[in-house]
Amino acid sequence: MFSSTVLCITRTMASKKFLNFWSAFLIVIVLLLSSAMGSRDMSEIARPRMIRKSHMTLWNAQGDVQADKNGSHFSLKRKETGSKVRFSRHRSWMYSSPQKLGFNSNGKAELWPGKDVDLVCPTLCHSLQDSGLLLDDKGEELSTAASVAMAGGSFVSLAILIEWIVLLLFCCKASLASNAAEAEALLRWKDSLGNQSILQSWVAPANATSRTLTPCQWRGITCDNAGNVTQINLPNVGLTGTLQYLDFSSLTNLLRLDLRENQLTGTIPSSIGTLYKLQYLDLATNFLYGGIIEGENLEEHTSEIQPDNVEHCNQNPIVEESAEKIDSVNSQQSSPSSTPAYELDFSRNNITGIIDPRLFPDGSAANKTGLVSLKNFLLQTTGLGGRIPEEIGNCKFLSLLALDENRFHGSIPSSLGNSSELTVLRLSDNLLSGNIPPNIGTLSKLTDLRLYINQLSGFVPAELGNLSSLTKLTALRVDGNLLGGKIPDEVVLLNQLRVIDLSSNQIFGELPAQLGKLSNLLVLNLKDNMLSGQLPAGIDGLSSLEYLDLSLNMLSGPIPYQIGECSKLRVLSLGRNRLNGTIPYQIGNLVGLHDLLDLGYNLLSGGIPSQLAKLTSLAQLNLSHNNLSGSIPASLSNMLSLVAVNFSYNNLEGPLPDSSVFHLVDPNSYSNNTDLCGEVQGLRRCTTRANEKGGGGGVNKANLLLLLLR
């Protein structure tokens, strides 16, 4: 019987030109095994045996295990008479039990009280009632299938072997057909593109057939061991054209699609929703437009997309359709083995619409679709608008959320506080309003918080009162809002902070006294607020600081000389405050100052320290609108990198330093001083340098003698 069966299979495959060396080899093995089995005593085979297996499991309707292995047999347990059970059909089992196990008229496995019974469920049965005990609704035995006793012997093992061989051979055939379909789909897309030379390796060999055509050696293509295309990686290669001719339905094994930074146009095709295994999708920085996805299947597949990159949407029904498409993708992958989507990136495209809440279901058993496993979601710099849905907090694995440079309005979803894996939150440059949710401060893994250029309000302590929990935070940017209150003292506990930017708000009060503890801080920008009080003397603790801007506040008192210890400063801007006293000569030690030194619009007095001449890399110097007196030190002529200076509105006198930079600047840079002179429009010409107190160094001997003779 089995020999004839195998012979039939062989003829079938041969007729389809599918028989090759390995398939013939496997079939010979099967025939030999079949012949050996045929010589055995069928009465021995038919005799029921107790089969020992390492794992046998029965479940009741509630999913509780009801069977355990006990010695050489399995003892069935039940919580109540008549509880239904189900079991794996992938192996044959025999039971010795104080319960009767059978199948009702609907093919359901049932437990009934009764005598001990040995029963085997055969593997090859397509319907459960084909073997085992057939019971009526009262548990009475109706009949016993003849095949019961046959299931426990070597016959079953041979049947399983044949089943696997047949499956293997036909899977190989299906795999070859799949590889060819993938290659043909890619070639059709290439033909639609403008600059095809980029993909010159995408060609079918002259002798290629449907069995041998494979794209695995083509540029940007990665395959698995079976030859299926799993990745298309063509970022920033100059692709021109559309995605409309790329048949995604032929690329169902695709895990990664990276086409970012090209010149692709048109809409995102709906067939992308068929990629139910997709884990990474990056279409950022192209010229795509329309909704996020214009298809019906993306929602079904996105349960597999695992977040790492997604960016950039306008209120229109297209985006709602994309939510439905994503749902369809997820529904196809609701099994435990399905791979969730990890990253979606549509940034820097002309995508419009809103973000549909259906993309972020709660993950309940009744709602297994959507971006439930998303890690990275990037929609930066698009035309998206509307509200950020509260449901986005259902993404428990969300690590990076970047929605900056869009048109989102409304409040920041408080549900984001549930995203405990969040490390980067970028909602900057939108129209968001309301308070910063307090539970943002509980995100202990957060490293980068950017909420700048919005319309957020409220008091900083109330909204960021849990700053001490953000021990990994490296960047805090909430500039360009309407925030008030004081800077929380807890900020000094965030010793990993590298950027603090609270500029252009309505923050008042004094600077934290322990500000100098932030030894890793690179940028401190608090300009354009209402800060008062003095600069803390411990500012020298900011040993890594490169950018300090406290301008446009109401700070008073002297500039602490300790600021000269911040040796890595490139920008120092203290202008437009009420600082008084003299300019500390220690500022001359900041030889790294490169871009700007701004002390203008204060109440500073005294002379200009000659030590400033050591700032030979400085580009801009502003000392205007103070009460500075004396001359401009001649040594400043060594500051050859200067491109802009401003000494206006002081009490300076004497000649300008002998350097072209001081003579080529805007004449208004010297206006409203006591008696400056030099070769600059608006200033009087210096008669003789000897008569000047400034850059010439005083009165020479010849002129002194002339004065005495008079």
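Quick note on numbering: the numbering used here labels position 275 of the sequence shown as 276, and the sequence is numbered without any gaps. All C-beta atoms in this analysis are idealised placements derived from N, C-alpha and C, irrespective of residue type, glycine included.
The beta-carbon distance between Leu379 and Gly394, rounded to whole angstroms, is 18 Å. This is too long to meet the 8 Å contact definition. Looking from the CA of Leu580, the closest CA among Pro236, Phe398, Ser533 belongs to Ser533. Annotation: the stretch 337 to 422 contains the following complete segments of the beta strand (DSSP E) (minimum length 3 residues), in chain order: 344 to 346, 351 to 354, 377 to 379, 384 to 388, 401 to 403, 408 to 411. In terms of Cα proximity to Thr424, the closest of Trp203, Gly195, Leu447, Leu252 is Leu447. Taking 4 residues as the minimum length, the stretch 207 to 274 contains no alpha helix (DSSP H) run wholly inside it. Residue state for Gln197 is assigned as helix, using DSSP reduced to three classes. Beta bridge pairing from DSSP links Ser533 with Met555.
In this structure, Leu616 sits away from Leu641, with a CB-CB distance that is not shorter than 8 Å. Annotation for Asp676: Glu654 place their beta carbon closer than 6 Å to its own, counting only its chain and skipping 5 residues before and after. Partner residues in a beta bridge of Ile540, as assigned by DSSP, do not exist. The Cβ neighbour count for Ser520, taken over all protein chains shown within 10 Å, is under 16; the residue is labelled exposed. Listed in chain order, the non-local C-beta contacts of Glu262 below 8 Å within the same chain comprise Pro236, Asn237, Ala285, Thr286, Asn287, local neighbours out to five positions each way being set aside. Residue range 572 to 574 is occupied by the beta strand (DSSP E) that includes Ser574.
Between the C-alpha atoms of Ser649 and Gln507 there is a straight-line separation of about 30 Å. Beta-bridge annotation (DSSP): Pro656 is paired with Cys678. Contact between Leu188 and Ala205 holds: CB atoms are separated by about 7 Å, below the 8 Å threshold. Within the DSSP bridge table, the entry for Val524 names Val500, Tyr548 as partners.
The beta carbon of Ser251 sits closer than 7 Å to the beta carbons of Ala182, Glu183, Ala186 from its chain, once the five residues preceding and following it are set aside; these are given in chain order.
Per DSSP, the unbroken beta strand (DSSP E) holding Phe288 starts and ends at 288 to 291. Remark: C-beta atoms of Leu536 and Leu498 do not approach each other more closely than 8 Å. Within the same chain, Cβ atoms closer than 6 Å to the Cβ of Thr223 are found at Thr231, Gln232, the five residues on either side in sequence being excluded. In the displayed model, Asn581 falls within a strand according to three-state DSSP. Per DSSP, the continuous beta strand (DSSP E) segment holding Val646 begins and ends at 645 to 647. For Asn628, the three-state secondary structure derived from DSSP is strand. Taking every protein chain shown into account, the CB of Thr688 has fewer than 16 other CB atoms within 10 angstroms, so this residue is exposed. Note that the C-beta distance between Ala620 and Leu643 is below 8 Å. Exposure of Asp192 is indicated by the presence of fewer than 16 other C-beta atoms within 10 angstroms of its C-beta. Partner residues in the beta bridge of Gly510, as assigned by DSSP, are Leu532.
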